[in-house]
Amino acid sequence: MKPETVNLKQKNNLILPQILFTSKNTNTMSSFDVVIIGSGPGGYVSAIRCAQLGFKTALIEKYSTLGGTCLNVGCIPSKAMLSSSHHFAEIAHFEENGISISGSVKVNLEQMIARKQGVVDQTVGGINYLMDKNKITVYHGLGSFVDATHIAVTQSDGTSETIETKYAIIATGSKPANLPFITLDKERIITSTEALKLPEVPKHLIIIGGGVIGIELGQVYLRLGAQVSVVEFMDRIIPGMDGALSKELTKVLKKQGMKFYTSHKVQSVTRKGKAVQVQAENAKGELITLDGDYALVAVGRKPFTAGLNAENAGVKISDRGQVEVNDHLQTTVPTIYAIGDVVRGAMLAHKAEEEGVMVAEILAGQKPHIDYNLIPGVVYTWPEVAAVGKTEEQLKEAGVEFKSGSFPFKALGRARASGDLDGFVKILADAKTDEVLGVHMIGARTADLIAAAVTAMEYKASAEDISRMSHAHPTFAEAIKEAALAATENRALHV
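Start counting the sequence shown at 1117; every next residue gets the next number (this note's numbering).
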């Protein structure tokens, strides 16, 4: 079945083809206004917003559960493991808090992983409920384009059904990247997916990659008793964030026992029985050898488009594997959009959600926008790391004159009361206008505190604006006010 007529309608300075189906076989093929391929945070949120706006919506997911990487093997399960391991690590400080524990405290990794799975199952169940509530049709199977308006859904048993749609949204996400010379056996040489369900606590976990994923999972197993070594090609960990955050996090994690080999290029990863060996070369050409029992490859993620058959629809894929889109997230086919990890930009669940909502609202004739400079980034270690806006390195490279103000958490009454003394808040403001250009923080609860910075920057707040807002005492949030004071004529009050 093919669309019989195509009308062009102007919306938001976009030419949106309005496809009208007039098939004689309407009883044999399901038709929708919008079909989303992929049910991760971008896909399922886009589906909900489309349904709210009155579109007849379908969601295609190749796996048996909804939620994509984030809910099943990414954001949610890793945070559950971080939370459980954090509880275990906190026990070491019970005595100083006047809490006595009789007997030994042991790690039950099997129960920890079972709890993690329980959190995942409950969260996925919530997505199923939202699909039913919003009357979204869900298909389980591999979604692939037959052409620009028809999508085949192929189930695991090989059976296939074709549906038609006026608009399609590609939200197929990403998968773990690898180095070409590393063979992932998913037993001893693993990705983040396998790291979330190990049968034992490693004796020595070697992590290849000092980015967010590697550092978070490294701290999980460090807390549980593993020796953890991180090999990073760049000269610092979390290299995409402000250098001050990297320096502080490195200092804290070293104090906890994690070892770092920055400016090291991995040469080989080999396995023999239950042993894994990693060889890496430093900037001087010297070779180091690390022997462990597990190697976690955490060198980032790459867009996933396998089986999509985008070429059948005329959708262009870049040399980097990304679906090419314009500023409105339209692909090379005007009726097909793409969002999330599969397109350019940061691979973040909340970025994908915003893009999913934006596309739905564009299709409805609204005028949404996303300021990508205000998409926050978070590392869920303890202390947490969070940032939004420009880094000091970026401002220097761009030649922007700025002023900086910092405030240490150890100067806060709340931090001393809870024993969370590591970290600081750093605010970068324009030297002339005082507008806040970037906020970078490491410390307790910064993953939540960063939202205050995003709000301030969304409304073009100056450092002085923040410094004159009342912050409840005693709280961790006071560090934001004090950092703003420090950036405003260096007048922090409590340091």
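Here a beta-carbon is modelled for each residue, glycine too, at the ideal position from N, C-alpha and C.
- So, L1412 versus I1331, is the Cβ gap smaller than 7 Å? Not closer than 7 Å, so no.
- Excluding sequence positions up to five away, which residues of its chain have a Cβ less than 8 Å from the Cβ of A1167? Cβ within range, chain order: T1173, N1250, K1251 and I1252.
- Item | Bridge partners - P1419, DSSP secondary structure assignment | S1290, per the DSSP bridge assignment.
- Message: Using a Cβ distance threshold of 8 Å, determine whether the stretch 1310-1326 contacts the stretch 1474-1487, with at least three qualifying pairs required.
- Response: They do not touch, by the three-pair rule.
- Query: Taking all protein chains shown into account, do 16 or more other C-beta atoms lie within 10 angstroms of the C-beta of L1528, making it buried, or fewer, making it exposed?
  - Reply: Classification for L1528: buried.
- Query: I1298 to V1394, Cα distance in whole Å?
  - Reply: Each residue's alpha carbon lies about 10 Å from the other.
- Message: Does N1141 pass the burial test, meaning 16 or more other C-beta atoms within 10 Å, or should it be called exposed?
- Response: Because the pLDDT at N1141 is just 44, under 50, the model does not fix this residue reliably, and the point stays unresolved.
- Query: Quick one: what does DSSP say Y1160 is sitting in, helix, strand or coil?
  - Reply: In the structure shown, Y1160 sits in a helix (DSSP, three-state: H, G or I).
- Any idea what DSSP makes of A1602, helix, strand or coil? When DSSP states are grouped into helix, strand and coil, A1602 belongs to the helix group.
- Query: Does the stretch 1276-1284 come close enough to the stretch 1259-1266 that 3 or more CB-CB pairs lie under 8 Å?
  - Reply: Output reads yes: the stretch 1276-1284 touches the stretch 1259-1266.
- Task: Compare the C-alpha of I1152 against each of T1239, Q1482, E1605 and G1257 and name the closest.
- Result: Comparing Cα positions, the closest option is G1257.
- Task: Could you tell me whether the Cβ atoms of V1336 and M1474 are closer together than 7 Å?
- Result: No, the pair does not count as a contact, with Cβ atoms beyond the cut-off.
- Task: In angstroms with no decimal places, state the Cα-to-Cα distance between G1416 and K1548.
- Result: Distance between the alpha carbons of G1416 and K1548 is about 38 Å.
- Query: Below 7 Å between beta carbons: does that hold for E1469 and V1254?
  - Reply: Contact annotation: E1469 and V1254 have beta-carbon atoms that are not nearer than 7 Å.
- If you drop the 5 nearest sequence neighbours on each side, which residues of the same chain put their C-beta closer than 7 Å to that of Q1372? Cβ neighbours of Q1372 beyond the five flanking positions: L1338.
- Task: Could you name each continuous alpha helix (DSSP H) segment of 4 residues or more that falls completely within the stretch 1421-1481, going from the start of the chain to the end?
- Result: If we require 4 residues or more, the alpha helix (DSSP H) runs fully inside the stretch 1421-1481 come out as 1426-1429 and 1465-1479.
- Assign G1274 to buried or exposed, taking buried as 16 or more other Cβ atoms, counted over all protein chains shown, within 10 Å of its Cβ. It is exposed - the Cβ of G1274 has fewer than 16 other Cβ atoms within 10 Å.
- Item | Segment limits, beta strand (DSSP E) that includes D1546 | First-last of the beta strand (DSSP E) with D1546: F1540 to D1546.
- Between the C-alpha atoms of G1472 and P1157, what's the straight-line distance to the nearest angstrom? Those two C-alpha atoms are separated by around 8 Å.
- Just the Cα atoms here: how many angstroms apart are R1532 and E1364? If you draw a straight line from the Cα of R1532 to the Cα of E1364, it is about 18 Å long.
- Give the DSSP-derived three-state secondary structure of A1560 in the structure shown. Looking at A1560 - three-state DSSP - the assignment turns out to be coil, as it is neither helix nor strand.
- Message: Less than 7 Å between the C-beta atoms of S1155 and G1423, yes or no?
- Response: In this structure, G1423 does not lie closer than 7 Å to S1155 by Cβ.
- Message: Which residue wins for smallest C-alpha separation from I1323, given the options P1296, G1234 and D1409?
- Response: Taking I1323 as reference, the option from P1296, G1234 and D1409 with the minimal CA-CA separation is D1409.
- Check whether the stretch 1563-1571 touches the stretch 1488-1505, taking contact to mean three or more Cβ pairs, one atom from each stretch, closer than 8 Å. These segments touch.
- Message: Looking at chain C, is there any beta carbon in it that lies within less than 7 Å of the beta carbon of V1262?
- Response: The structure shown has no chain C; it contains just one protein chain.
- Query: So which of L1544, V1382 and E1303 has the shortest CA-CA distance to P1296?
  - Reply: Of L1544, V1382 and E1303, the residue nearest in Cα terms is V1382.
- Item | Three-state secondary structure assigned by DSSP to F1523 | Of the three classes helix, strand and coil, the one that applies to F1523 here is strand, per DSSP.
- Rounded straight-line distance, which links the Cα of A1577 to that of S1522: Our two residues, S1522 and A1577, have alpha carbons roughly 17 Å apart in a direct line.
- Message: Using the three-state DSSP reduction, which class does E1402 fall into: helix, strand or coil?
- Response: Here DSSP, grouped into helix, strand and coil, assigns E1402 to coil.
- Message: Looking at the secondary structure, which residues open and close the beta strand (DSSP E) in which S1147 lies?
- Response: Its beta strand (DSSP E) spans residues S1147 to I1153.
- Based on the DSSP output, what are the partners of Q1395 in its beta bridges? Among the bridge pairs identified by DSSP, Q1395 is matched with S1384 and T1405.
- Contact check, P1419 vs Q1438, beta carbons under 7 Å: Cβ atoms of P1419 and Q1438: closer than 7 Å.
- Item | Alpha-carbon to alpha-carbon, K1302 and A1342 | For A1342 and K1302, the distance between alpha carbons rounds to 19 Å.
- Roughly how far, in whole angstroms, is the beta-carbon of I1558 from the beta-carbon of V1501, given that I think they are within contact range, below 8 Å? The beta-carbon separation of I1558 and V1501, rounded to 5 Å, stays under the 8 Å limit for a contact.
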